[in-house]
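Visitor: Can you keep this structure in mind? I'll have questions shortly.
Residue numbers (this note's numbering): 67 to 718.
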């Protein structure tokens, strides 16, 4: 860009050939000249630069999308900053998309043909993000102004972290945007406080997650001697004899736990996997010569130690005793199947949806896997079916699952996927499923994909802007799922006196029969209502020279009541029609007035308003037509009687 500025003979990058078309479009749509005023010029530069970044990242082969984590969050920050500055220049959504289109159709059309190919996708995703932020921007700006004015009035120079987090959490303001706005007001932002508030929310989210993860008092284990450590050795063994090095109940470190006591046990080594990286910790049993401790869950406790949380089932468990640690092998096996299936799922999603798919969160236990990933819209039925089929194909291929420990640099060279933002040590475990999947992962897995047996997606849903969630099951849980489905199918078939094989045909026949019957019922209702019109006309009265027809009907819904009202109004010629009907315990009311009646003072809306309370309802409408509903059919007669008085008061 600097070379281009030199070649173009200008001292401003935004006056080069790269940006002139974009800046001209912003000038045209905003009515402001570039360079005339420092603040607007800055806004133009930000819009031009950040929309270009958005176009390039979304249009790239990887199709990065705005999200709340990872590279997608960087993109979201830039786009939302552009939107805020666009608002300052009174640029509409259409204006912003026009600016973005210049990069696709003109500036980079020859250099990056992929942008032209992906134009619709790029503009759709930009539109979604702009609309999403604009929905909260105005209220967020008002809230920011309120916060900043309160701080300045109090003589403060800083916006506290909690307020900055509130703007982020409630209105989608990236903290960088809040910092920029604060600087414009002569204020700073407590970034450390913001991070603290963010961590608090993450902590609450973890505590409220699907994993029960029993509470552990961190302070208890902080007091332990640093020499008391524990090591996980359960990748290749599920039982182990080891001494108990520390114990605690809910209140203090203790030397023993008695039958019925709940507590946490720490051993120097353990085959129990602790909840981490989305995988739920192991359960099982710890046995000593004097007692049995049931492990409900395994978690990390301060100092990197592994805590076995549970209760003493029998006897007494003492610190220092030799203990036999036995992982629940069936539970571990199911969890391993779900974890490896999650790796296959992510690879399949990237294959079907694109390389923009990145993990945003995951949970695996013995019952199911839950995987959150970046994607801008709901998956289609076809996409879900394709992903499921690919995973099952890889399971059927019985691919060996290989784990290697290597330096982080070596791991990156292999192309293994890492979780963005995650902190890794010097050496990492890389789990590979042939050439299909390769990820950084510290969890436990099957040795061959065939052990997973089967994979079934139960649901696909949205959990946040740009983030989708898939819940799935594997192995025997799939068998149980289809068995239950088969039972429900048998029950449904029995209800309609059919067989499962002929159920669709039977239901189609029943639906057609019901449709015909409903049509016949509606036809009979309409016929009966029309036959009643002749009798209804006998109810015509005059109120101060204006014809007034008020009638009570039964079983007529609002749509038919309006049709009948139109017919009666035509028959009446000039005047006011009021119809009330009791249908399924509810009241429907329609009032209509001809032009002549309205000129005489009649007002259908006020007529309805004057009687609605008598039938437990409310409403109103225009002078010539109004409708309302009610919940008290017993009041219909009183409402009709009152209607005459209301109309009398209206006529001039």
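For glycine and all other residues, C-beta sits at the position ideal for the given N, C-alpha and C.
Classify residue 445 as helix, strand or coil using the three-state DSSP reduction.
Guide: Residue 445 falls in the coil class under three-state DSSP.
Visitor: From residue 656 to residue 197, what distance separates their C-alpha atoms?
Guide: Cα-Cα distance, rounded: 40 Å.
Visitor: Going along the chain, which unbroken runs of the beta strand (DSSP E) with 3 or more residues stay wholly within the segment 589-641?
Guide: Here the runs fully enclosed are 607-609, 612-620.
Visitor: From the DSSP output, which residues share a beta bridge with residue 437?
Guide: Answer is 428, 536, bridged to residue 437.
Visitor: Enumerate, from N- to C-terminal direction, the unbroken beta strand (DSSP E) stretches of 3 or more residues contained entirely within the segment 465-530.
Guide: Complete beta strand (DSSP E) runs here, min 3: 467-473, 493-499, 503-506, 521-530.
Visitor: Hey, out of 555, 623, 608, whose CA is closest to residue 568's CA?
Guide: Measuring from the Cα of residue 568, the nearest candidate turns out to be 555.
Visitor: Consult DSSP for residue 688 and reduce its assignment to one of helix, strand or coil.
Guide: Residue 688: coil per DSSP, three-state reduction.
Visitor: Does the contact criterion of 3 or more C-beta pairs under 8 Å hold for the segment 287-303 versus the segment 362-381?
Guide: Judged by Cβ distances under 8 Å, the segment 287-303 makes contact with the segment 362-381, as three or more pairs qualify.
Visitor: Near residue 134, what residues of its chain come up, given a Cβ to Cβ distance below 8 Å and the 5 sequence neighbours on each side ignored?
Guide: These residues qualify, in order along the chain: 142, 426, 530, 531, 532, 533.
Visitor: How about residue 163 and residue 189: are their beta carbons less than 8 Å apart?
Guide: Yes, Cβ-Cβ distance for residue 163 and residue 189 is below 8 Å.
Visitor: Nearest by alpha-carbon distance to residue 717: which of 695, 670, 678 is it?
Guide: The option with the nearest alpha carbon to residue 717 is 670.
Visitor: Is the beta carbon of residue 238 less than 8 Å from the beta carbon of residue 147?
Guide: No. Outside cutoff.
Visitor: How many angstroms separate the CA atom of residue 221 from the CA atom of residue 88?
Guide: One C-alpha to the other measures close to 42 Å.
Visitor: Label residue 666 either buried or exposed according to how many other C-beta atoms from any shown protein chain fall within 10 Å of its C-beta, with 16 as the threshold for buried.
Guide: With 16 or more other Cβ atoms within 10 Å, it is buried.
Visitor: Does the segment 302-313 come close enough to the segment 393-403 to have 3 or more Cβ pairs within less than 8 Å?
Guide: Touching, yes, given that three or more Cβ pairs across the two stretches are closer than 8 Å.
Visitor: Taking C-alpha atoms, which residue in 360, 338, 354, 235 lies nearest to residue 388?
Guide: Considering only alpha carbons, the answer is 354.
Visitor: Taking the alpha helix (DSSP H) that residue 236 belongs to, which residues open and close that run?
Guide: Looking at the DSSP string, the run of the alpha helix (DSSP H) that includes residue 236 is 227-237.
Visitor: Mind the definition here: the segment 515-529 touches the segment 539-557 only if three or more C-beta pairs lie below 8 Å; say whether that holds.
Guide: Segments in contact, yes.
Visitor: Go ahead and label residue 346 buried or exposed: buried means 16 or more other beta carbons lie within 10 angstroms of its beta carbon, across all protein chains shown.
Guide: Looking at its Cβ environment, which holds 16 or more other Cβ atoms inside 10 Å, residue 346 is buried.
Visitor: To which residues of the same chain is residue 698 closer than 6 Å at the C-beta, ignoring the five residues directly before and after it?
Guide: Excluding sequence neighbours, residue 698 sits near 681, 682.
Visitor: Mind pulling the beta strand (DSSP E) runs of 3 or more residues that sit fully within the segment 642-677?
Guide: List check, beta strand (DSSP E) in window: 642-649, 652-659.
Visitor: Whose C-alpha, out of 264, 373, 116, 636, is nearest the C-alpha of residue 311?
Guide: The candidate whose alpha carbon is nearest that of residue 311 is 373.
Visitor: Mark residue 619 as exposed unless 16 or more other C-beta atoms lie within 10 angstroms of its C-beta, in which case mark it buried.
Guide: Buried, by the Cβ-count rule.
Visitor: Which of helix, strand or coil does DSSP assign to residue 359?
Guide: It is a strand residue.
Visitor: Tell me the DSSP secondary structure of residue 167 in three-state form.
Guide: In this structure, residue 167 counts as helix in the three-state DSSP scheme.
Visitor: Are the CB atoms of residue 673 and residue 609 within a distance shorter than 8 Å?
Guide: Not closer than 8 Å, so no.
Visitor: Count the other C-beta atoms from every protein chain shown that fall within 10 angstroms of the C-beta of residue 694, then say buried if there are 16 or more, exposed otherwise.
Guide: By the 10 Å Cβ count, residue 694 comes out buried.
Visitor: Bridge partners of residue 388, per DSSP?
Guide: Answer by DSSP bridge pairing, in chain order: 309.
Visitor: For residue 205, write down the residues that DSSP places opposite it in a beta bridge.
Guide: According to DSSP, residue 205 bridges with nothing at all.
Visitor: Give me, in chain order, the residues of the same chain whose beta-carbon lies closer than 7 Å to that of residue 264; leave out the 5 immediate sequence neighbours on both sides.
Guide: 231, listed in sequence order.
Visitor: Which of the three DSSP states is assigned to residue 325 in this structure?
Guide: In this structure, residue 325 counts as coil in the three-state DSSP scheme.
Visitor: Looking at residue 423 and residue 439, is the spacing between their C-beta atoms short of 8 Å?
Guide: Contact: yes.
Visitor: Can you determine whether any heavy atom of the ligand MG sits closer than 7 Å to the C-beta of residue 286, and answer yes or no?
Guide: The model depicted lacks the ligand MG and carries no ligand whatsoever.
Visitor: Counting only the same chain and skipping the five closest in sequence on each side, list residues whose C-beta sits under 6 Å from that of residue 294.
Guide: Hits under 6 Å: 311, 312.
Visitor: Using 10 angstroms around the beta-carbon of residue 566, count the other beta-carbons present and answer buried if the total reaches 16, otherwise exposed.
Guide: It counts as exposed.
Visitor: Using CA atoms only, rank isn't needed, just tell me which of 448, 246, 336 is closest to residue 526.
Guide: For residue 526, the nearest C-alpha among the options comes from 448.
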